[in-house]
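The next block holds one structure in the form of structure tokens; read it before the comments.
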Amino acid sequence: MTKLKFAVIGCGRISYKGIEGILNNNQEAILIATCDPIEEKALEKKNQYIKDLGEDVEINIYKDYKEMIEKEDIDVVYIATESGYHPEIAIYCMNKGKHVICEKPMALSTNDADKMIECSRKNNVKLSISHQNRFNGPIQKLRKEVEKGSFNRIINGTARILWNRNMGYYHQAPWRGTWKLDGGTLMNQCIHNIDLLQWMLGGEVDTVYAQCDTFLRDIEAEDFGAIII
Numbered sequence: 001m002t003k004l005k006f007a008v009i010g011c012g013r014i015s016y017k018g019i020e021g022i023l024n025n026n027q028e029a030i031l032i033a034t035c036d037p038i039e040e041k042a043l044e045k046k047n048q049y050i051k052d053l054g055e056d057v058e059i060n061i062y063k064d065y066k067e068m069i070e071k072e073d074i075d076v077v078y079i080a081t082e083s084g085y086h087p088e089i090a091i092y093c094m095n096k097g098k099h100v101i102c103e104k105p106m107a108l109s110t111n112d113a114d115k116m117i118e119c120s121r122k123n124n125v126k127l128s129i130s131h132q133n134r135f136n137g138p139i140q141k142l143r144k145e146v147e148k149g150s151f152n153r154i155i156n157g158t159a160r161i162l163w164n165r166n167m168g169y170y171h172q173a174p175w176r177g178t179w180k181l182d183g184g185t186l187m188n189q190c191i192h193n194i195d196l197l198q199w200m201l202g203g204e205v206d207t208v209y210a211q212c213d214t215f216l217r218d219i220e221a222e223d224f225g226a227i228i229i
């Protein structure tokens, strides 16, 4: 069987979650390249993959993702960079004919998200966003009941996220808690439940009302928010 050849762009904290997915499907997928502006991070993820795979395979490392896309024979790109860079990188890769798996949030504006979707369609490539909570056991069961019509007409859904993000979390990287690259609590954390509500309830979004503020953390973006869709 010909294996799908993966490359990773962005080798920070979350990136190995995607690499584990490649490892768990090693009969069908293989990592061939890692990329990060900090070369040591790309090398670290390469070495960890080889160690966990248990065999020596050739994996090239890069600092420039465009150079990597031009040089490597890649089928799928996994993007795990700062959120604000997702659209630019995804669109470049899709225009080069690569399928893309992108960490959430896919973009920090609806305009950029629409551009990514249009680029995927134009180039006939797949674009997948890492909303992994859809695959949790209870969520899968709930979705099946919704599809069966067990709840008749659903007119309302509520989701709460009470996650702690202390300053240690924000100090992990300078982009965290910024509007430009992080997007704030609603975009970076609450996007999981926003996605689940939309998936369960369906339909198009007509209006959005939101309130947010920064109460507890010394960051630029909000650390608390409430939204009605």
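Per the UniProt record's numbering, the sequence shown starts with residue 1, numbered consecutively. Built from N, CA and C at the ideal position, the CB exists for glycine as well.
For the alpha helix (DSSP H) containing residue i, list its first residue and its last residue.
| i | result |
| --- | --- |
| V76 | V76 -> not in any alpha helix (DSSP H); beta strand (DSSP E) instead, spanning V76 to I79. |
| K195 | Before going on, a small fix: residue 195 reads as Asp here, not Lys. D195 -> alpha helix (DSSP H) spans I191 to L201. |
| V146 | G137 to K148 |
| G168 | M167 to Y170 |
| I19 | S15 to N24 |
| E44 | E39 to L53 |
| L186 | T185 to N188 |
Got a sec? Which residues, its chain only, sit under 6 Å from residue i by beta carbon, not counting five neighbours each side?
| i | result |
| --- | --- |
| N98 | For clarity, residue 98 is Lys in the given sequence; the question names Asn instead. If we look at K98 and ignore the five residues flanking it on each side, its Cβ neighbours are I74 and V77. |
| C11 | T34, D36, K41, A42 and K45 |
| Y209 | I228 |
| H192 | N133 |
Spell out the partners DSSP gives residue i in its beta bridges.
| i | result |
| --- | --- |
| S83 | DSSP lists no partner for S83. |
| T34 | V8 and I61 |
| A107 | Beta-bridge pairing links A107 to no other residue. |
| A159 | Per DSSP, none; premise fails for A159. |
| C102 | I79 and I129 |
| residue 232 | The displayed coordinates of the chain run from 1 to 229. Any statement about residue 232 would go beyond what the structure contains. |
Which residues mark the beginning and the end of the beta strand (DSSP E) in which residue i is found?
| i | result |
| --- | --- |
| Q211 | Y209 to D213 |
| V125 | Segment: none, V125 is in no beta strand (DSSP E) and carries neither H nor E. |
| G225 | F224 to I228 |
Might you give, ordered along the chain, the residues of its own chain that have their beta carbon closer than 8 Å to the beta carbon of residue i, omitting 5 neighbours on each side?
| i | result |
| --- | --- |
| E222 | G184, T185, L186, C212, D213 and T214 |
| M200 | L142, R143, V146, I154 and G157 |
| Q189 | I161, W163 and R165 |
| G18 | V8, Y78, A80, I101, E103 and S130 |
| Y16 | K45 and Q48 |
Since residue i and residue j are thought to touch, with beta carbons under 8 Å apart, how far apart are those beta carbons, to the nearest angstrom?
| i | j | result |
| --- | --- | --- |
| E1 | E20 | At residue 1 the sequence reads Met, which differs from the Glu that was named. Between E20 and M1 the Cβ distance is about 20 Å, and since that is not below 8 Å, they are no contact. |
| S83 | D182 | 6 Å |
| A90 | M116 | 5 Å |
| V100 | I79 | 6 Å |
Kindly indicate if chain D contains any beta-carbon less than 7 Å away from that of residue i.
| i | result |
| --- | --- |
| E204 | Within the model displayed, chain D is absent; a lone protein chain is all it includes. |
Three or more C-beta pairs under 8 Å: does that hold for the segment 115-133 against the segment 84-96? Cβ pair count under 8 Å is three or more, so yes.
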